[in-house]
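Visitor:
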Ligand SMILES: [Zn+2]
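Residue numbers (the numbering used here): 89 to 331.
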């Protein structure tokens, strides 16, 4: 199983063209684009022809996780005339996002509802969802394939953590929006909290993402490394790693 980071900036894009949340997970011929944050679609095209995507997963409604779904819609509807492409999303999202397409998605997408504890098989990958501690309906995603397992926290506050899934995941990709001493909101994790949760869940590897653009990445990595108890990786656009 391979993970490609397409964007990792939390809440809004950062300098040096750091796109918002987007991740490409591949195994065999299966390719799933998880979260379509602003700028992630451009990066995606450096790694895969969009026509070779198997499905899209949107974890929640916030713009930094969904903005580029409109670009995919335009390409598929008017560019390559694709139909019924599977898009997995929380209840109500097609209607909420539909305002910008005059409530007409055509037949481009086959919208499928995700829910808490739901397990679905998409090609070679098995996805399981868990409702996180974040105000809109938000789902963390566990992806299993090739006997390997990664957990993406999406956005969450500290009242949910990766311990909701089985321990010892091969990779935890965790949001770590703030430094602990400067949290602006309890709807997100600090780097300290991300490290502690991954340590408690006995994660094999921790990669932090979704940093507030004004947070220094080196400081966040240092803070997470201390609480995780082992070196922590940092998601950057176009990083490719085996899980
Ligand atoms: Zn969010």
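The beta carbon of each residue, even a glycine, is placed where N, CA and C say it ideally should be.
In this text, all values refer to a predicted model and were calculated from it rather than measured experimentally.
1) What does a CB cutoff of less than 8 Å around residue 157 pick up in its chain, not counting 5 residues either side in sequence?
2) For the alpha helix (DSSP H) holding residue 166, just list the boundary residues, first then last.
3) Assuming residue 263 and residue 277 form a contact by the criterion Cβ under 8 Å, report the distance between their Cβ atoms to the nearest whole angstrom.
4) Determine the contact status of residue 296 and residue 312, defining contact as a CB-CB distance below 7 Å.
5) Taking all protein chains shown into account, decide if residue 188 is buried (16 or more other Cβ within 10 angstroms of its Cβ) or exposed.
6) In the structure shown, what three-state DSSP assignment does residue 283 receive?
7) Just to check, is the beta-carbon of residue 243 closer than 6 Å to a non-hydrogen atom of ligand 1?
8) With H, G and I counted as helix, E and B as strand and the rest as coil, what does DSSP make of residue 312?
9) Is the CB-CB distance between residue 120 and residue 142 below 7 Å?
10) Taking the alpha-carbon of residue 243 as reference, which of 130, 261 and 222 has the nearest alpha-carbon?
11) Whole-angstrom Cβ separation of residue 258 and residue 331, contact assumed at under 8 Å?
12) Is it buried or exposed for residue 140, if we count other Cβ within 10 angstroms and need 16 for buried?
13) Please confirm whether residue 130 and residue 108 have their CB atoms less than 7 Å apart.
14) Cβ of residue 110 within 7 Å of Cβ of residue 128?
15) In angstroms with no decimal places, state the Cα-to-Cα distance between residue 306 and residue 280.
16) Please indicate yes or no: does the CB of residue 150 lie closer than 6 Å to some heavy atom of ligand 1?
Guide: According to the structure shown:
1) Within the chain shown, the letter at position 69 stands for residue 157. Cβ contact annotation for residue 157 (same chain, cutoff 8 Å, sequence separation greater than five): 124, 144, 146, 175 and 185, in chain order.
2) Numbered from its first residue, the chain shown carries residue 166 at position 78. For residue 166, there is no enclosing alpha helix (DSSP H), as DSSP marks it with neither H nor E.
3) As a first step, residue 263 must be located in the chain shown, where it is residue number 175. As a first step, residue 277 must be located in the chain shown, where it is residue number 189. Indeed, because the Cβ distance is near 6 Å, the residues count as touching under 8 Å.
4) Residue numbering aside, residue 296 sits at position 208 when the chain shown is read from its first letter. Residue numbering aside, residue 312 sits at position 224 when the chain shown is read from its first letter. Yes. Within cutoff.
5) Taking the chain shown and counting its residues from 1, the one referred to as residue 188 is at position 100. Around the Cβ of residue 188, a 10 Å sphere holds fewer than 16 other Cβ atoms; the residue is exposed.
6) Residue numbering aside, residue 283 sits at position 195 when the chain shown is read from its first letter. Residue 283 carries a helical assignment under DSSP once its states are collapsed to helix, strand and coil.
7) By one-based count along the chain shown, residue 243 stands at place 155. True, at least one ligand heavy atom lies under 6 Å from that Cβ.
8) Numbered from its first residue, the chain shown carries residue 312 at position 224. In the three-state reduction of the DSSP assignment, residue 312 falls in the helix class, which pools H, G and I.
9) Locating residue 120 in the chain shown gives position 32, where the first residue counts as 1. Locating residue 142 in the chain shown gives position 54, where the first residue counts as 1. Yes, the pair counts as a contact, with Cβ atoms nearer than the cut-off.
10) To locate residue 243, count along the chain shown from 1; it is residue 155. For the residues 130, 261 and 222, the minimum Cα distance to residue 243 belongs to 222.
11) Within the chain shown, numbered from 1, the residue matching residue 258 stands at position 170. Within the chain shown, numbered from 1, the residue matching residue 331 stands at position 243. Contact flag correct, Cβ pair sits at about 5 Å.
12) As a working mapping, residue 140 is identified with position 52 in the chain shown. Residue 140 comes out exposed.
13) In the chain shown, residue 130 corresponds to position 42, counting from 1. In the chain shown, residue 108 corresponds to position 20, counting from 1. Cβ atoms of residue 130 and residue 108: not closer than 7 Å.
14) Residue 110 sits at position 22 when you count from the first residue of the chain shown. Residue 128 sits at position 40 when you count from the first residue of the chain shown. Yes, the pair counts as a contact, with Cβ atoms nearer than the cut-off.
15) Walking along the chain shown from the start, residue 306 turns up at place 218. Walking along the chain shown from the start, residue 280 turns up at place 192. Computed Cα separation, rounded: 13 Å.
16) Working through the chain shown from its first residue, we reach residue 150 at position 62. At least one heavy atom of ligand 1 is nearer than 6 Å to the Cβ of residue 150, so yes.
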